[in-house]
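Residue numbers (this note's numbering), protein chains in the order written: chain A, 72 to 512; chain B, 24 to 214. Don't be surprised by glycine CBs; every beta carbon is placed ideally from N, CA and C. Here's the structure we're looking at; comments come further down.
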Amino acid sequence: MKKSFIVAGILAWALWQMPVTSWAQKSGGDDILIIEEDGGGSVEDLREELDRLADEIDDMRDIFSTLRKNVNVTGYGETHFNIPTDGRDNTFDAHRFVIGVNARFNDWIYLSAEIDYEHAAQELEFEMGYLDFLLDPKVNVRAGTVLIPVGFLNEFHEPTLFWTVERPVFHNRLIPTSWNGTGGGFFGTFGDFLGGMNYRVYAVNSLQSIREAGFSDGSGVTGNGGAAGRFRASSGIRSGRLQANNLIAEDIAVTGRIEFSNLFPGFQLAGSFYTGDTTHGLIEQGGRTTIIEGDIKYRYKWFDMNASIANITINNAAELNNFAIAQNAITAGTHGDLNIASNMLGYNIQAGIHWPQLLGKSTSHDVVTHFMYEFIDTQNEMPAGFAPNNGSGGETDVYTAGVTWFPATTNVALKADYTHQTFNDGTSTDQVNFGLAYMFF
Amino acid sequence: MKTENIKQTVRILWQGLGVAAMVLGLMAGNASAQGAFSKEDAIKKVFSGADKIVKKRIRLTTSQRAAIGKLTTQTIRDKTMSFYIGKKGGQAMGYAVMEAVKNRSWTMRYIVVMNEDGTVQNVEVLDLEGPRANWGIQSDSWLQQFSGMNADSDFQSVSAVNGAFVSVRTITAGVRKVASAYRVIFLDKVK
């Protein structure tokens with residue numbers, strides 16, 4: 072134990088000593104005279120120059136009024152048209168409209184917040200709201216309702232940042248994007264270390280794996296003083312997320328992510344973890360849930376790809392299921408979709424082609440065709456006495472192919488794709504999706 | 024490890040984070056994230072060792088703006104551009120342009136230094152306000168991918184940085200604009 076402390080200490084000291092690019096510290100320089108050189112000219116030239124200067128001052132006034140605001144509004148949105156080809160109804164869904172506010176209190180304290188209006192503003196979520204205390208590029212403090220730093224999509228989930236109409240199933244059923252927690256921790260960067268290393272580590276309220284009869288999942292005021300949640304067979308830990316509405320916080324989780332953003336040109340490697348008890352004192356056992364995740368991104372000219380893998384272990388899964396069964400006995404039917412697994416597993420891989428680049432066209436447009444394969448198994452390993460669910464709640468293979476057009480801006484995306492899902496009982500679903508996505512700031 | 028021990032570990036870690044936060048908070052007296060400094064200092068640093076630095080302010084004509092816009096696939100609104108030319112022994116060390124732009128919500132200032140042949144010599148991020156995880160674009164290892172690029176280069180191949188998508192696009196567009204402006208003004212000599 073002592074040895075590992077010493078090794079960790081030496082490593083921490085070494086990282087601290089790593090040079091971080093901080094231009095402000097490098098500035099200074101020799102005392103060199105800067106000479107302004109301009110092309111003289113006639114009185115008419117000077118008059119013209121004065122006119123130009125007047126124009127430029129007006130422009131600069133506009134620019135500075137934008138730049139120096141201490142509060143800025145940002146946001147994003149997406150609307151979907153889903154067309155199942157297997158007999159289900161077609162649907163329109165104004166899936167998300169998110170308004171964000173970024174504020175600066177001084178040059179080292181910032182606020183980042185987002186309110187999420189989902190499904191035509193029929194669902195409201197406090198997506199995030201935290202303060203950043205910028206101390207040093209290597210170590211900074213973040214506190215409030217933060218986005219859990221697991222996977223590459225959860226923290227940066229704006230719909231123009233991924234190609235598919237719907238978020239990948241991996242980032243829905245396995246990593247419950249978008250997922251927040253309330254608490255705080257540290258974040259920073261170690262400049263040029265292995266091509267640039269960023270990290271986040273937080274302590275936040277933990278997921279809730281079980282709830283008592285009489286309470287409903289999700290937001291509301293019916294939980295243990297606030298929101299309630301529980302794990303399920305089909306959606307894994309997703310329904311265990313809690314909004315910060317007097318949420319139960321008897322268990323605290325630790326989560327973090329480390330990213331090597333430029334390990335070699337175009338290649339990013341990252342890993343994430345999350346671990347915490349989840350029963351919040353409702354039963355004796357802790358129901359510790361641990362996620363280990365890894366992801367890569369790579370782009371070489373017109374070829375672009377990403378891949379993710381995650382494994383979730385849930386301790387005391389049998390006890391969690393027995394508790395849920397007991398609650399069902401108290402109030403029948405309130406705990407459907409039972410059979411929490413002791414292990415969940417999933418991975419995906421997506422590749423895309425940027426066509427203007429491939430064809431050598433110089434344009435501000437981008438058109439990407441893409442294909443993705445996903446494997447999701449929220450019933451990967453079951454506790455003794457419990458059998459895995461079949462059908463759409465169990466092992467699933469997902470194939471998605473589509474095209475995305477960024478019309479002269481990367482902040483608007485028009486998407487179309489086709490998704491085919493097969494389940495381990497031999498059934499399948501097929502769906503065509505169209506999407507409008509935008510991001511503003 | 025028993026559940027209670029794990030809980031205890033988490034509590035200790037949580038308290039440790041609090042203590043560390045307080046200690047770091049005390050350090051915050053110097054906690055200006057990206058300290059402001061003068062344009063002159065930045066230029067002098069870029070051309071360290073120069074005998075003199077000449078500021079050449081170019082009034083862009085409509086034709087020049089159109090030519091730069093075509094090369095960059097951007098709409099060029101600048102009416103002037105200032106090139107700082109570092110000279111040593113009568114030879115130009117490089118041509119530098121400094122720009123301040125809105126990057127998502129906050130300001131980013133960067134400097135692009137061009138070689139006489141129209142290739143990018145160096146790019147430095149001078150100020151990068153804001154708290155998102157976009158500091159990766161300040162690292163030399165990321166910025167050096169611009170070195171050697173010119174107005175004809177494939178700027179879409181610039182590596183993305185997770186959490187810094189907007190910053191990457193902003194600075195990439197800026198470097199492309201400077202490289203194209205240099206080409207139009209000094210190499211193609213468009214009037």
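Using a Cβ-Cβ cutoff of less than 6 angstroms, which residues in the same chain neighbour residue i once the five nearest sequence positions on both sides are dropped?
i	result
A472 of chain A	F442 and Y489
R82 of chain B	T103
D116 of chain A	none
A183 of chain B	V191
L224 of chain A	H242 and T248
R132 of chain B	A123, L149 and D150
A56 of chain B	With a pLDDT of 43 at A56 of chain B, under the threshold of 50, the modelled position of this residue cannot be trusted; read the value that follows with caution. Closer than 6 angstroms at Cβ, skipping near neighbours: no residue.
I367 of chain A	L340 and A378
E229 of chain A	Y147 and M510
K125 of chain B	none
H166 of chain A	E149 and H151
M172 of chain B	V143
R127 of chain B	V189
Between residue i and the rest of its own chain, which residues show a CB-CB distance below 8 angstroms, the 5 nearest in sequence each way excluded?
i	result
Y181 of chain A	N173, A174, R175, L202, D203 and L205
N461 of chain A	F494, N495 and D496
I424 of chain A	W373, F374, D375, V439, T440 and H441
A51 of chain B	Unreliable placement is indicated for A51 of chain B, whose pLDDT of 45 sits below 50; no coordinate value is reported for it.
H351 of chain A	S277, Q279, N295, I319, A320, E321 and D322
Nearest by alpha-carbon distance to residue i: which of the options is it?
i	options	result
P247 of chain A	A:L124, A:V483 and A:E364	A:E364
S361 of chain A	A:I367, A:M376 and A:I383	The sequence shown places Thr at residue 361 of chain A, rather than the Ser named in the question. The shortest Cα separation from T361 of chain A among A:I367, A:M376 and A:I383 belongs to A:I383.
G148 of chain A	A:N251, A:L124 and A:V236	A:V236
L245 of chain A	A:L318, A:F227 and A:R312	A:R312
A324 of chain A	A:R303, A:G357, A:S305 and A:N316	A:G357
R88 of chain B	B:D101, B:R80 and B:V77	B:D101
A202 of chain B	B:S162, B:V143, B:Q168 and B:K214	B:V143
F178 of chain B	A:S435, A:N399 and A:V240	A:S435
W250 of chain A	A:T480, A:Y418, A:F197 and A:L485	A:F197
F257 of chain A	A:R271, A:G266, A:D263 and A:L265	A:R271
Within 8 angstroms (strictly less), CB to CB, does residue i reach chain B?
i	result
T145 of chain A	yes
T481 of chain A	yes
S435 of chain A	yes
H228 of chain A	no
G200 of chain A	no
F223 of chain A	yes
D263 of chain A	yes
S499 of chain A	no
H425 of chain A	yes
N392 of chain A	no
K486 of chain A	no
L205 of chain A	yes
R167 of chain A	no
P336 of chain A	yes
T260 of chain A	yes
Are the C-beta of residue i and some C-beta of chain A separated by less than 8 angstroms?
i	result
S190 of chain B	no
T103 of chain B	yes
A174 of chain B	no
V184 of chain B	yes
R88 of chain B	no
T142 of chain B	no
T85 of chain B	no
T96 of chain B	yes
G92 of chain B	no
Which residues in the same chain have their Cβ closer than 7 angstroms to the Cβ of residue i, if we skip the five residues on either side of it in sequence?
i	result
Y371 of chain A	G337
Q97 of chain B	A196 and K200
L429 of chain A	W373
N138 of chain B	G117 and Q144
N482 of chain A	T231, Y509, M510 and F511
E226 of chain A	L218 and P220
I308 of chain A	P247, L278, F302, T360 and I383
CB of residue i to nearest heavy atom of the ligand FAD: below 7 angstroms?
i	result
K110 of chain B	Absence of the ligand FAD is noted for the structure shown, with no ligands found whatsoever.
Measure how close the beta-carbons of residue i and residue j come, nearest whole angstrom, since I'm counting them as under 8 angstroms.
i	j	result
Q450 of chain A	E466 of chain A	7 angstroms
D74 of chain B	G112 of chain B	7 angstroms
P239 of chain A	E445 of chain A	6 angstroms
Y273 of chain A	G327 of chain A	7 angstroms
P454 of chain A	N392 of chain A	7 angstroms
Is the CB of residue i under 8 angstroms away from at least one CB in chain C?
i	result
N173 of chain A	Considering every chain present, this structure includes no chain C. Its protein chains are A and B.
For the segment 192-201 of chain A against the segment 209-225 of chain A, do three or more pairs of beta-carbon atoms, one drawn from each stretch, fall closer than 8 angstroms, so that the two count as touching?
At 8 angstroms Cβ cutoff, the stretches touch.
Does the contact criterion of 3 or more C-beta pairs under 8 angstroms hold for the segment 431-449 of chain A versus the segment 186-206 of chain B?
With the cut-off at 8 angstroms, the segment 431-449 of chain A and the segment 186-206 of chain B do not touch.
So does the segment 185-200 of chain A actually touch the segment 322-334 of chain A, counting three or more Cβ pairs closer than 8 angstroms?
Between the segment 185-200 of chain A and the segment 322-334 of chain A, the count of C-beta pairs closer than 8 angstroms stays below three; the two stretches do not touch.
Below 8 angstroms, can you find three or more Cβ-Cβ pairs linking the segment 500-507 of chain A to the segment 143-160 of chain A?
The segment 500-507 of chain A is in contact with the segment 143-160 of chain A.
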